[in-house]
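Throughout, the numbering used here is defined as the position within the sequence shown, counted from one, plus 1107. Cβ atoms here follow ideal geometry from the backbone N, Cα and C, with glycine treated the same way. Remember, it's a predicted structure, so these values are computed and weren't measured experimentally. What follows is a set of notes on a single structure, which appears directly below.
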Amino acid sequence: MAPGPRPPRGRRVSAARPATVVLADGRHAVVRTLVASDRAALEQLFARTSEQNLYTRFFGLGASTVPRHLDHLFSGSPSVTAYVLTRDDRVLGVADVERLDPSSAEVAFLVADDAHGCGVATLLLERAAADARAAGVAWFVADVLATNHPMLQVFEDAGFAVHVRRDGTEVSVRMSTALDTGARDASVEHAAASEAARRARDLEGLS
1108 MAPGPRPPRG RRVSAARPAT VVLADGRHAV VRTLVASDRA ALEQLFARTS
1158 EQNLYTRFFG LGASTVPRHL DHLFSGSPSV TAYVLTRDDR VLGVADVERL
1208 DPSSAEVAFL VADDAHGCGV ATLLLERAAA DARAAGVAWF VADVLATNHP
1258 MLQVFEDAGF AVHVRRDGTE VSVRMSTALD TGARDASVEH AAASEAARRA
1308 RDLEGLS
């Protein structure tokens, strides 16, 4: 995803209350807005992230840009809203939304190395899109490395209208936040699969 903070260019996307969600493996988690007391947990998330995943997130700048990025997230900038997905008080993923103008915002994600494949980014994206839509943001934009197939798949599978433009090693993504039939169907499908996984875990616990 695109590196580095940008100067404020719009109002913060307002965020709703915490929501309990079900991960793809059936475990419960919570998606909520980032708060000041999350700083230590976010520092741990980034510290435990592999160099490869930091490279993917920050386009080669890696760990050197993490302190500056965290300062930006916790700066109180009116254009930045961040979300975390937590389980057992541990942050498994973070999404930051930076408003660029009244109708668009840039979005970026980082997921804990051991939480990949659990639907963390998908759940964060759905929540961020809902809040952005309510705030009048019609589009999310993101710059993704062409080799970051999992993140590109998250955008494609979310069900929202997505436009991609490839430019060498990078892919520019433009995603509508409109809740059309495709987005609704994708959300229902994700929820059903997660609920099935949760029931399977419950049955295993009884056996």
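Cutoff 7 Å; reference residue i; Cβ partners in own chain excluding five residues on either side
i       : result
THR1163 : LEU1252, ASN1255
LEU1230 : VAL1128, VAL1138, LEU1192
PHE1181 : ALA1143, ARG1146
THR1276 : LEU1252, ALA1253
ARG1273 : ALA1253
Whether residue i touches residue j by CB criterion (8 Å)
i       : j       : result
ARG1197 : ALA1148 : yes
SER1283 : ALA1245 : yes
Own chain partners of residue i with C-beta closer than 8 Å, once the 5 adjacent residues on each side are dropped
i       : result
VAL1137 : PRO1125, ALA1126, THR1127, VAL1128, LEU1192, THR1193, ARG1194
GLU1056 : In the structure displayed, the chain extends from 1108 to 1314; residue 1056 sits before or after that span and is not available.
VAL1248 : LEU1207, SER1211, ALA1212, GLU1213, VAL1214, SER1279, VAL1280, ARG1281, MET1282
ASP1220 : ARG1155, THR1156, SER1157, ASN1160
HIS1135 : THR1127, VAL1128, VAL1129, ARG1194, ARG1305
VAL1269 : PHE1262, GLU1263, VAL1280, ARG1281, MET1282, SER1283
Collapsed DSSP secondary structure at residue i in the structure displayed
i       : result
ARG1155 : coil
ARG1234 : helix
PHE1165 : helix
ALA1245 : coil
VAL1280 : strand
SER1144 : helix
SER1211 : strand
ASP1196 : coil
PHE1267 : coil
ALA1254 : The sequence given here has Thr at residue 1254, not Ala. Coil at THR1254, not helix or strand.
HIS1179 : helix
ALA1131 : coil
ARG1124 : coil
THR1229 : helix
Rounded Cβ spacing between residue i and residue j (contact assumed at less than 8 Å)
i       : j       : result
ALA1212 : VAL1204 : 5 Å
LEU1286 : ARG1240 : 7 Å
Residues of its chain near residue i, where Cβ-Cβ distance is below 6 Å and the 5 sequence neighbours each way are ignored
i       : result
ALA1228 : PHE1216, VAL1218, VAL1261
VAL1336 : In this structure the chain extends from 1108 to 1314, so residue 1336 is not present and cannot be described.
GLY1224 : none
ALA1222 : LEU1199
MET1258 : VAL1251
ASP1264 : none
Counting pairs of Cβ atoms below 8 Å between the region 1176-1188 and the region 1146-1160, do you hit three or more? Taking 8 Å as the limit for Cβ pairs, the verdict is that the region 1146-1160 does touch the region 1176-1188.
Does the region 1189-1204 come close enough to the region 1127-1146 to have 3 or more Cβ pairs within less than 8 Å? yes
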